[in-house]
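Chains as they are written, first to last, in the numbering used here: chain X, 17 to 181; chain Z, 17 to 181.
Note that CB positions come from ideal geometry on N, CA and C, so glycine has one too.
Note that this is a predicted model, so its numbers are computed, not measured.
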DNA sequence: GGACATAGTGTTATATTATAACGTATCGAT
DNA sequence: ATCGATACGTTATAATATAACACTATGTCC
């Protein structure tokens, strides 16, 4: 499988996003098949909406997007939240706590907490995979059993700094 | 000034909390005086409520607490949110993003982002002060200008692990 | 010490984010 | 074909947060 390595700062660079999207959706499909899970219509729709960009989206933005396409069916919040819950659980998306928002994962299926650089100008988010070992070691030395870690760094990305702020 | 050093895991240990509280309130008072800021009634009340424990509290919990004491005056959400905003701005409290909650800072006035260990059993929160230099270095190498960092690690504290879960 | 500008408060209303509860539909196994 | 389990659809509502505006207190300039 070629082209699978995605560098962390992909969101901050020009890239063939169509291809990126296709690959990630395909990865999700395979992952669900392997795990014998159902990537149902709603789940796939929500994932596709998130895959359309490397920007975090609020649940209600996703909802609006779902309701935009067809002018017939209107869908209610629980539909979206349930799909998000599933996708989070399988490591296909992440939640950005500091924004109450959700974003597609660029390393689908890796459960271990990622780290995010969030540009406050353009709102793009880079997903890093440092092993924040220093901190985890410190937790360990205090006898603290780590479940999950949230690391979200806000600032201004290189691109936006060029545009003079 | 004696007894000023507070170790990070203080929340997870028995300690003279009355004293801890008194010192932190006094530190806040001095800090506001130095900075020529007003630690008004509402601000002090909210800070005191947060200082009463090392546990994060939601804005509406704080509100309820404010409204409990006197049975006369009822205060509305903006009062609380404004006080919280001030206290956050001066580094007297922190926001725990993953819980939509607020907690008193054990190193008042230090603005740089702290790191938190959050016990999901007892809800106590330890405030660390690692320099998560690895991550910041990585941000830097991507040309990303860091503003603020959120680091929240959820798990089970040593104490709660003893109680067999 | 009165007039002014500013910062803080009080109040109402409302926006935004998230979940409870319950009935219906779909899927997969037998 | 039936059954149990999972997912969906729907209504209502909970929990968190802010907008907007009038009023009050504080500091400061003269």
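Quick one: using the 10 Å Cβ neighbour count with 16 as the cut-off for buried, is residue 54 of chain Z buried or exposed? exposed
Hey, residue 140 of chain Z and residue 27 of chain Z: beta-carbon distance below 7 Å or not? yes
By Cβ distance below 8 Å, which residues in the same chain neighbour residue 72 of chain Z in space, the five residues on each side in sequence not counted? 112, 115, 117, 118, 119, 134, 139, 141
Distance, Cα to Cα, residue 33 of chain Z vs residue 70 of chain Z? Looking at the two C-alpha atoms, the distance is approximately 9 Å.
Can you give me the Cβ contacts of residue 31 of chain Z inside the same chain, cut-off strictly under 7 Å, excluding the 5 residues immediately before and after it? none
CA-CA distance, residue 165 of chain Z and residue 110 of chain Z? 12 Å
Taking residue 132 of chain Z as part of the beta strand (DSSP E), name the residues at either end of that continuous run. 131–135
Of the residues X:155, X:136, X:146, which one's Cα is nearest the Cα of residue 143 of chain Z? X:155
Let me confirm a value: residue 129 of chain X is counted as buried when at least 16 other C-beta atoms fall within 10 Å, else exposed. Which label applies? buried
Please list the terminal residues of the continuous alpha helix (DSSP H) segment that includes residue 142 of chain X. Residue range 141–144 is occupied by the beta strand (DSSP E) that includes residue 142 of chain X, with no alpha helix (DSSP H) assigned at that position.
Does any residue of chain X bring its CB to less than 7 Å from the CB of residue 162 of chain Z? yes
How should residue 79 of chain Z be labelled, buried or exposed, when 16 other C-beta atoms within 10 angstroms of its C-beta is the threshold for buried? It is buried - the Cβ of residue 79 of chain Z has at least 16 other Cβ atoms within 10 Å.
For the segment 121–138 of chain Z, list every residue whose C-beta sits within 8 Å of some C-beta in chain X, in sequence order. 131, 133, 135, 136
Under 8 Å Cβ to Cβ from residue 169 of chain Z, same chain only, skipping five residues before and after it: list those, please. 131, 132, 133, 134
Proximity test, residue 72 of chain X beta-carbon vs the ligand GDP heavy atom, cut-off 6 Å: In terms of ligand content, the structure shown is empty, and the ligand GDP therefore cannot be addressed.
Specify whether the segment 89–100 of chain Z and the segment 41–51 of chain Z touch according to this definition: at least 3 beta carbon pairs, one from each stretch, less than 8 Å apart. no
Run the CB neighbour count on residue 89 of chain Z, radius 10 Å, all protein chains shown included, and call it buried at 16 or more, exposed below. Under the 10 Å beta carbon count, residue 89 of chain Z is surrounded by fewer than 16 other beta carbons and is classified as exposed.
Check this for me: beta carbons of residue 66 of chain Z and residue 146 of chain X, under 7 Å apart or not? no
Can you tell me where the alpha helix (DSSP H) with residue 33 of chain X in it begins and where it stops? 33–50
Near-chain Z residues of the segment 62–92 of chain X - C-beta to any C-beta below 7 Å: none
Please list the segments of the alpha helix (DSSP H) lying wholly inside the segment 91–121 of chain X, counting only runs of 4 or more residues, in order along the chain. Qualifying alpha helix (DSSP H) stretches, in chain order: 93–105.
Can you name the start and end residues of the beta strand (DSSP E) that residue 154 of chain Z belongs to? No beta strand (DSSP E) holds residue 154 of chain Z; the alpha helix (DSSP H) holding it covers 149–157.
Beta-carbon within less than 7 Å of residue 172 of chain X's beta-carbon, same chain only, minus the 5 sequence neighbours each way: which residues are those? 135, 136, 137, 181
Helix or strand or just coil, what does DSSP make of residue 80 of chain X? helix
Buried or exposed: which applies to residue 25 of chain X, given that a residue is buried once 16 or more other Cβ atoms fall within 10 Å of its Cβ? Answer is buried; the Cβ neighbour count reaches 16.
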